[in-house]
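Chemist:
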Amino acid sequence: MERKTLIRSRRKKWRVDRITWFDYFNVILLALLSLTFILPFLTVAGSSLLGYEESVRRGTIRVIFPESPDFACYRILLGRNSAVYRGYFITILRVIVGTTLNLLFTGTMSYGLSKRSLPGKNTLTTIVFFTMLFSGGLIPNYLLYQLLGITNTFWVMILPLLINPWWMFIMRNFFREIPDSIEESALIDGASPFRIFFVIIIPLSAASFATIGMFYAVMHWNAWFDAAVFITNTKLYPVQVLMRNVVLSATSTDLNNEVLSGFYNKPPTNALKSAMIVVSTLPILAIYPFIQKYFVKGMVVGSIKG
Amino acid sequence: MAKTSMLLPKKGRRWSAVRRHMPYYLLILPGLVWFIIFKYVPMYGVSIAFKNVTPFETVEDMMRSPFIGFKHFKTFINSYYFEILMRNTLEISLLRLVFGFPMPLIFALLLNEVRNNRYKKIVQTISYLPHFISWVVVSGLVTMIVTTDGGLINNLLVLMGREEIYFLGDPRYFRSVLIISGIWKELGWNTIIYLAAITGIDTQLYEAAVVDGCGRFRRAIHITLPGIANIVTILLIFSIGGLLDAGFEQIMLLYSEPVYDVADIIDTYVYRKGMIEMNYSFSTAVGLFKSVIAMALIIIANVTAKLFGREGLW
Numbered sequence: 653m654e655r656k657t658l659i660r661s662r663r664k665k666w667r668v669d670r671i672t673w674f675d676y677f678n679v680i681l682l683a684l685l686s687l688t689f690i691l692p693f694l695t696v697a698g699s700s701l702l703g704y705e706e707s708v709r710r711g712t713i714r715v716i717f718p719e720s721p722d723f724a725c726y727r728i729l730l731g732r733n734s735a736v737y738r739g740y741f742i743t744i745l746r747v748i749v750g751t752t753l754n755l756l757f758t759g760t761m762s763y764g765l766s767k768r769s770l771p772g773k774n775t776l777t778t779i780v781f782f783t784m785l786f787s788g789g790l791i792p793n794y795l796l797y798q799l800l801g802i803t804n805t806f807w808v809m810i811l812p813l814l815i816n817p818w819w820m821f822i823m824r825n826f827f828r829e830i831p832d833s834i835e836e837s838a839l840i841d842g843a844s845p846f847r848i849f850f851v852i853i854i855p856l857s858a859a860s861f862a863t864i865g866m867f868y869a870v871m872h873w874n875a876w877f878d879a880a881v882f883i884t885n886t887k888l889y890p891v892q893v894l895m896r897n898v899v900l901s902a903t904s905t906d907l908n909n910e911v912l913s914g915f916y917n918k919p920p921t922n923a924l925k926s927a928m929i930v931v932s933t934l935p936i937l938a939i940y941p942f943i944q945k946y947f948v949k950g951m952v953v954g955s956i957k958g
Numbered sequence: 014m015a016k017t018s019m020l021l022p023k024k025g026r027r028w029s030a031v032r033r034h035m036p037y038y039l040l041i042l043p044g045l046v047w048f049i050i051f052k053y054v055p056m057y058g059v060s061i062a063f064k065n066v067t068p069f070e071t072v073e074d075m076m077r078s079p080f081i082g083f084k085h086f087k088t089f090i091n092s093y094y095f096e097i098l099m100r101n102t103l104e105i106s107l108l109r110l111v112f113g114f115p116m117p118l119i120f121a122l123l124l125n126e127v128r129n130n131r132y133k134k135i136v137q138t139i140s141y142l143p144h145f146i147s148w149v150v151v152s153g154l155v156t157m158i159v160t161t162d163g164g165l166i167n168n169l170l171v172l173m174g175r176e177e178i179y180f181l182g183d184p185r186y187f188r189s190v191l192i193i194s195g196i197w198k199e200l201g202w203n204t205i206i207y208l209a210a211i212t213g214i215d216t217q218l219y220e221a222a223v224v225d226g227c228g229r230f231r232r233a234i235h236i237t238l239p240g241i242a243n244i245v246t247i248l249l250i251f252s253i254g255g256l257l258d259a260g261f262e263q264i265m266l267l268y269s270e271p272v273y274d275v276a277d278i279i280d281t282y283v284y285r286k287g288m289i290e291m292n293y294s295f296s297t298a299v300g301l302f303k304s305v306i307a308m309a310l311i312i313i314a315n316v317t318a319k320l321f322g323r324e325g326l327w
């Protein structure tokens, strides 16, 4: 109702204004700006298709869009036995296992803390809040992971990130919006708070679980530092670390020796680096249009109530 | 049940309330245990900043090793590198603030003036995109675009008859690369909060302004801007709190030895001293130095926010 009147009056607001030079200027400016957000991806995609033959003929310099696209780099990166597949396996495993545990720990804790009548609620909140102000720092964390024996294992990418305090508080605020009467009637019917949480609350707040879950999922997908620093076993490297190593090192032969050695004329290194960027970015570009609105919603809710 | 608990003495009432809430405590427990292990135990581990531990000791030995006081802090503050680090950290942060803070605001105002809602949505969606791309990928993109080996920017420079520039290795240009790529990544995303605030402005104000003969520009200046001034102040105040966070991951991924003089910040120094040179105690001391100042800054920001009559973080 309120939204409707808002939209209607907005239209009215526009109707009184004539289209001026500013509107043309604005549309063009925003188009150019949008282009700067896309252009880097396009140029990198273009240079990933530069083949050996063309790089010799024209020089790698001043070639952005190749005349004869060459998919050699993708044959290397996506060929059989490529390290990219294992990297993706680790990344996807990390996202699934990590996000599930994130939601379990964050969900239970924030539900418990959402009870306004809970004795000791303020103390518990302060304990969580203080970690947002002060942290032990890199080396004490690293020593803890060593003590727990999780360095150089898959779990060093999961356990240290179980709860993000900020998102936990956002979720607590989501739970506070659920009317108490729903839980009270279930309590009277004899359901335990556990049952209420898992059978009533979780389905009721599917939207907030989806939002916070997606925050966590993107965090896991994009994480690089923890894997790069706390893991030395290359078999456990997620895509981000592989990508970083390819972009850093000029040779990157360890990616797929089998296919790479089959080439008489290897593609230029910059093409290989670009192709690796494309391979590691394409999946997120593909799903991005469908998930971005949930993030915006979560961001707005979080910033207003957080 | 409520009635009996009212009849009990105060202590008993509290105890019965605790008992009644037992299942909720059990739900909180796993998270609480996690916070204690993964957040509070490392805080205790900070004590190695006041010791001299070596990487060859076990963690138990480190905890037992004798205290030596503030030696590492003194060494750090008196070292010639201290000044460079502090200057880099603060300058990079301030540059980000000066150039990066107004951009999303301007962008949001421009978006707000778009008549066609679908066009606006498309521009927004495109502008949020870099936010979802990791710094690893963005640093890859940056490297490929500024490289002297066929990168877009240097191609343009050559076309214009200029010399090629080695942006990532040149102290004169490195910070510009940092600031611009940082703005590029978060520009769109940072408009969300402003656009949300703009939607909350009472439309009657606009209608009244139209009746009074206000043009679009004046409405933007006199209604939209004051309408979001609140949120702008809050964001500005809280950026004080993050002054010592000059962008660790981004710098880690882009910097190299030739640009340490302009790019090395406290966080990257902590990483190199600790993880590369394995100087655990010294690295922890530098990190603690930063954490304490950062905490003070956040508290100052919060107090300031309250002085301005705004709701603080706590």
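Top to bottom, those sequences are chains A and B.
Every letter in the first sequence is one number past the one before it in my numbering, and letter 288, counting from 1, is 940.
Every letter in the second sequence is one number past the one before it in my numbering, and letter 113, counting from 1, is 126.
Just so you know, even glycine gets a beta-carbon here, dropped at the ideal spot from N, CA and C.
Are the beta-carbon atoms belonging to Ala-63 of chain B and Ile-81 of chain B less than 8 angstroms from one another?
Modeler: Sequence inspection shows Phe at residue 63 of chain B; the Ala mentioned does not correspond to that position. Yes. Within cutoff.
Chemist: Given this structure, state the Cα-to-Cα distance separating Ala-314 of chain B from Gly-226 of chain B, to the nearest angstrom.
Modeler: 40 angstroms
Chemist: Look up His-872 of chain A in the DSSP assignment and say whether it is helix, strand or coil.
Modeler: When DSSP states are grouped into helix, strand and coil, His-872 of chain A belongs to the helix group.
Chemist: So for Tyr-53 of chain B, helix, strand or coil by DSSP?
Modeler: helix
Chemist: Identify the contact partners of Pro-117 of chain B in chain A, using a Cβ-Cβ distance below 7 angstroms as the criterion.
Modeler: For Pro-117 of chain B, there are no C-beta contacts with chain A under 7 angstroms, since the nearest C-beta of that chain is about 12 angstroms from it.
Chemist: My assumption, with CB atoms under 8 angstroms, is that Met-866 of chain A sits in contact with Phe-947 of chain A. Please give the rounded CB distance.
Modeler: Right, their Cβ atoms sit about 6 angstroms apart.
Chemist: For the alpha helix (DSSP H) that contains Arg-824 of chain A, what are its first and last residues?
Modeler: Following the DSSP letters along the chain, one finds Arg-824 of chain A inside the alpha helix (DSSP H) bounded by residues 817 to 828.
Chemist: Identify the contact partners of His-34 of chain B in chain A, using a Cβ-Cβ distance below 8 angstroms as the criterion.
Modeler: Residues of chain A passing the Cβ test: Lys-767, Ser-769, Leu-770, Pro-771.
Chemist: Can you pull the chain B neighbours of Lys-918 of chain A, defined as C-beta to C-beta under 8 angstroms?
Modeler: Ordered by position in chain B, no residue passes the 8 angstroms Cβ test against Lys-918 of chain A, which lies about 15 angstroms from the chain.
Chemist: Assign Val-245 of chain B to one of three DSSP states: helix, strand, or coil.
Modeler: helix
Chemist: Identify whether Ser-296 of chain B lies in helix, strand or coil by the three-state DSSP scheme.
Modeler: helix
Chemist: Would a check of beta-carbon distances place Ser-904 of chain A closer than 8 angstroms to chain B?
Modeler: Bear in mind that the predicted position of Ser-904 of chain A carries a pLDDT of just 47, short of 50, making it unreliable; the figure below should be weighed with that in mind. Taking Cβ atoms only, chain B never reaches closer than 8 angstroms to Ser-904 of chain A, which makes this a no.
Chemist: Are the Cβ atoms of Leu-790 of chain A and Ser-296 of chain B separated by less than 8 angstroms?
Modeler: yes
Chemist: Using a Cβ cut-off of 9 angstroms, pull out every chain C residue sitting near Ser-269 of chain B, in sequence order please.
Modeler: Of the protein chains in the structure, A and B, none is chain C.
Chemist: Roughly how far, in whole angstroms, is the beta-carbon of Ile-241 of chain B from the beta-carbon of Leu-218 of chain B, given that I think they are within contact range, below 8 angstroms?
Modeler: Their Cβ separation, rounded to whole angstroms, is 13 angstroms, which puts Ile-241 of chain B and Leu-218 of chain B out of contact at 8 angstroms.
Chemist: So, helix, strand or coil for Pro-812 of chain A, using DSSP?
Modeler: helix
Chemist: Of all the residues that make up the region 293 to 322 of chain B, which are near chain A by a beta-carbon distance shorter than 7 angstroms?
Modeler: Tyr-293, Ser-296, Thr-297, Gly-300, Leu-301, Ser-304, Met-308, Ile-311
Chemist: Following the continuous alpha helix (DSSP H) through Tyr-797 of chain A, name the residue where it begins and the one where it ends.
Modeler: 790 to 800
Chemist: Counting C-beta neighbours from all protein chains within 10 Å, is the total for Lys-286 of chain B 16 or more, i.e. buried, or is it exposed?
Modeler: Its Cβ being crowded by 16 or more others within 10 Å, Lys-286 of chain B is buried.
Chemist: Hey, Ile-834 of chain A and Ile-852 of chain A are a contact pair by Cβ (cut 8 angstroms); roughly how many whole angstroms apart?
Modeler: Contact between Ile-834 of chain A and Ile-852 of chain A holds: CB atoms are separated by about 7 angstroms, below the 8 angstroms threshold.
Chemist: Spatial neighbours of Arg-27 of chain B within its chain, please: CB distance less than 7 angstroms, with the 5 preceding and 5 following residues excluded, ordered by chain position.
Modeler: none
Chemist: Any beta carbon from chain B within less than 8 angstroms of Tyr-940 of chain A's own beta carbon?
Modeler: yes
Chemist: Within 8 angstroms of any Cβ in chain B, is that where the Cβ of Asp-669 of chain A sits?
Modeler: yes
Chemist: Among residues of its own chain, excluding the 5 on either side of Asn-804 of chain A, which ones have a beta-carbon nearer than 8 angstroms to its beta-carbon?
Modeler: If we look at Asn-804 of chain A and ignore the five residues flanking it on each side, its Cβ neighbours are Phe-882, Ile-883, Thr-884, Asn-885, Leu-888.
Chemist: Which bits of chain A does Leu-154 of chain B rub up against, with CB to CB less than 8 angstroms?
Modeler: Pro-692, Phe-693, Val-696, Ile-929
Chemist: Enumerate in chain order the residues of its own chain whose CB-to-CB distance from Leu-208 of chain B is below 6 angstroms, with the five nearest sequence positions on each side excluded.
Modeler: Ala-121
Chemist: With H, G and I counted as helix, E and B as strand and the rest as coil, what does DSSP make of Ile-105 of chain B?
Modeler: Helix, per DSSP.
Chemist: Starting from Thr-138 of chain B, trace the alpha helix (DSSP H) both ways and give me its first and last residue.
Modeler: 130 to 141
Chemist: Could you list the residues in the region 735 to 757 of chain A with a C-beta less than 9 angstroms from some C-beta on chain B, going in chain order?
Modeler: Leu-756, Phe-757
Chemist: Under a Cβ-count criterion, where at least 16 other Cβ atoms within 10 Å of its own Cβ denotes burial, should Asn-356 of chain B be classed as buried or exposed?
Modeler: Chain B is shown only over 14 to 327; residue 356 of chain B falls outside these bounds and no answer can be derived.
Chemist: Take Ile-61 of chain B and list the residues in its own chain whose beta-carbon comes closer than 7 angstroms to its own, dropping the five residues that flank it on each side.
Modeler: Met-75, Tyr-293, Ser-294, Thr-297
Chemist: One question on the structure: do Gly-764 of chain A and Leu-40 of chain B come within less than 8 angstroms of each other, judged by their Cβ atoms?
Modeler: yes
Chemist: Rounded to the nearest angstrom, what separates Leu-42 of chain B and Leu-814 of chain A at their Cα positions?
Modeler: 14 angstroms
Chemist: Would Ser-140 of chain B be called buried (16 or more neighbouring beta carbons within 10 Å of its own) or exposed?
Modeler: buried
Chemist: Just tell me which of B:Ser-189, B:Phe-261, B:Phe-145 has its CA closest to the CA of Ala-938 of chain A.
Modeler: Of B:Ser-189, B:Phe-261, B:Phe-145, the smallest CA-CA separation from Ala-938 of chain A is found for B:Phe-145.
Chemist: The alpha helix (DSSP H) with Asp-832 of chain A in it runs from where to where?
Modeler: 832 to 840
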